[in-house]
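Structure first, commentary second.
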Amino acid sequence: DLLFLANPWSKGSSLMVGVSGAQQGETERNGATQVLSAFAAVHWGPLVVDGEWVAASRENPAGDRYGNQAWHARAGYNIRLGATQLTPYALYSRLDSDDISATDWGAGANTSGLFAGAGEQLDVGVNWHLRKHKLRLGLHVIRTDTTATASGPQKLPLRAGWSTPLSLQAMR
Numbered sequence: 132d133l134l135f136l137a138n139p140w141s142k143g144s145s146l147m148v149g150v151s152g153a154q155q156g157e158t159e160r161n162g163a164t165q166v167l168s169a170f171a172a173v174h175w176g177p178l179v180v181d182g183e184w185v186a187a188s189r190e191n192p193a194g195d196r197y198g199n200q201a202w203h204a205r206a207g208y209n210i211r212l213g214a215t216q217l218t219p220y221a222l223y224s225r226l227d228s229d230d231i232s233a234t235d236w237g238a239g240a241n242t243s244g245l246f247a248g249a250g251e252q253l254d255v256g257v258n259w260h261l262r263k264h265k266l267r268l269g270l271h272v273i274r275t276d277t278t279a280t281a282s283g284p285q286k287l288p289l290r291a292g293w294s295t296p297l298s299l300q301a302m303r
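Take the sequence shown: its position 53, counted from the start at 1, is 184 in the working numbering, and no numbers get skipped.
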């Protein structure tokens, strides 16, 4: 989580850019799987902005290809409070997946670990970094919406509705 580990406590500026890719060979249940991603983050003084895009593609034994794409964009602002730091932020994320109802996965979608739908999430919150890169308290207000891509069995990517989680994260 970039607003925790890579969150700058200095007044400097930085840019991080990354790309990655992976491939998994065939298994008993699925053909080859490929994943590609790209990431960028900018820390400009107290402003923190980052985004990521991920695309995955999987093939079933019959040769049908299934894919999904996900991305997020986030902006936050660091406010120093003595030895601690407060970071209000907003994050928008989205996942879109192919309709698999007409493929061999259709009835078995729930057992294949495949998401068959779309989801979007808006997360607005504040993180209070109590110990630099060691202890963080977070309060979020999250709105999630989901859409099924077919009328058959679905495994939606997110549960729709409102949530207000409170979290405490500690790192060694």
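Ideal Cβ positions, reconstructed from N, Cα and C, are used throughout, including at glycine.
Note that this is a predicted model, so its numbers are computed, not measured.
query	result
Relative to the C-alpha of Ala-172, which residue among Gly-182, Gly-213, Arg-290 and Leu-268 is closest?	Gly-182
What residue range is occupied by the uninterrupted beta strand (DSSP E) comprising Arg-196?	196-208
Tell me the rounded alpha-carbon separation between Ser-144 and Asp-254.	25 Å
Short check: CB of Ala-169 to CB of Val-150, under 7 Å?	yes
In the DSSP assignment, find the beta strand (DSSP E) that holds Ser-227 and state where it starts and stops.	In the sequence on display, residue 227 carries Asp and not Ser. Here the beta strand (DSSP E) through Asp-227 covers 215-228.
Below 8 Å, can you find three or more Cβ-Cβ pairs linking the stretch 260-279 to the stretch 203-219?	yes
Alpha carbon to alpha carbon, what distance is there between Asn-199 and Ala-249?	9 Å
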